[in-house]
Each structure stands twice: as structure tokens, then as C-alpha cells.
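Heads up: the structure comes next, in C-alpha cells.
Residue numbers (the numbering used here): 2 to 122.
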């Protein structure tokens with residue numbers, strides 16, 4: 002980059018593109034290297050953490066560090082659902098609306114998943 006400042010959204014898109022291009026979970030240092038830009042390691046780390054918090058990147062432990070990858074569609078949807086529950090003061094209303102909008106063929110799937118979750122404790 003020529004010294005101009007990136008908008009946060011631009012950097013997030015570039016980081017997601019670098020993760021996608023890598024095709025394997027990557028450390029912040031590897032992402033920084035792929036970007037080929039003069040970015041501070043902490044900037045890349047912060048961007049990856051924000052993407053993880055938004056549910057757009059998944060991470061796995063690798064020793065004391067993390068490796069990141071682009072989250073799949075199910076992970077993104079689940080993160081959005083969690084966010085909707087966490088930001089609402091009426092969790093019951095959010096869940097009732099979600100369940101009320103389910104397609105009939107999804108009801109037995111949800112029932113099975115709830116039974117499985119209950120067994121796991």
C-alpha cells in the first residue's frame with residue numbers, strides 16, 4: 002500500500018481473501034506475509050480477532066497461538082443467531098420467532114438436535 006490508510010472493512014476483506022487463498026488454517030504471521038503489505042503483526046491479529054468475534058473466521062488452537070480459516074455458512078448463521086440471542090432482552094421472543102418460522106421438515110431435525118444437546122448436558 003502507498004501509505005494511505007485502509008478502511009477497517011477493506012482490511013477485513015483483504016484478510017478474508019488471504020485466508021481463502023491459503024486454503025488451510027493460517028497463523029496471523031502467515032496471513033500478514035500473504036498480504037504482502039507493510040502491516041503490523043498486531044493489526045493483522047486484531048483484524049483476525051474481530052473477524053472471529055463476528056463469526057466470519059473460525060479459529061483453532063495451535064500450541065500457544067491460533068490458526069484461522071474462513072467460517073463456513075453454517076458457522077456464520079450460528080454466530081448471527083447467537084448474537085441475536087445475546088443482544089436481546091427477550092430471548093424467549095427471539096427463539097419463538099425462529100421456531101415459528103421453521104419449515105415443517107426442519108422441526109424433527111431441531112427436535113433431534115435438542116434431544117442430543119440435552120443428553121450431552
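Glycine included, every Cβ here is placed at the ideal spot set by N, Cα and C.
Residues bridged to residue i by DSSP?
| i | result |
| --- | --- |
| residue 61 | 68 |
Under the assumption that residue i contacts residue j (Cβ atoms under 8 Å), give the Cβ distance between them as a whole number of angstroms.
| i | j | result |
| --- | --- | --- |
| residue 49 | residue 58 | 6 Å |
| residue 111 | residue 103 | 7 Å |
| residue 31 | residue 23 | 7 Å |
Report the option in the options whose CA atom is closest to the CA atom of residue i.
| i | options | result |
| --- | --- | --- |
| residue 68 | 90, 45, 78, 83 | 45 |
| residue 56 | 78, 47, 39, 35 | 78 |
| residue 15 | 62, 76, 71, 119 | 71 |
Specify the secondary structure class of residue i as computed by DSSP and reduced to three states.
| i | result |
| --- | --- |
| residue 3 | At residue 3 the pLDDT is 48, less than 50, meaning the model places this residue with poor confidence and gives no usable figure here. |
| residue 31 | helix |
| residue 122 | coil |
| residue 10 | helix |
Beta strand (DSSP E) runs wholly inside the stretch 33-119, at least 3 long, in chain order: 58-63, 66-71
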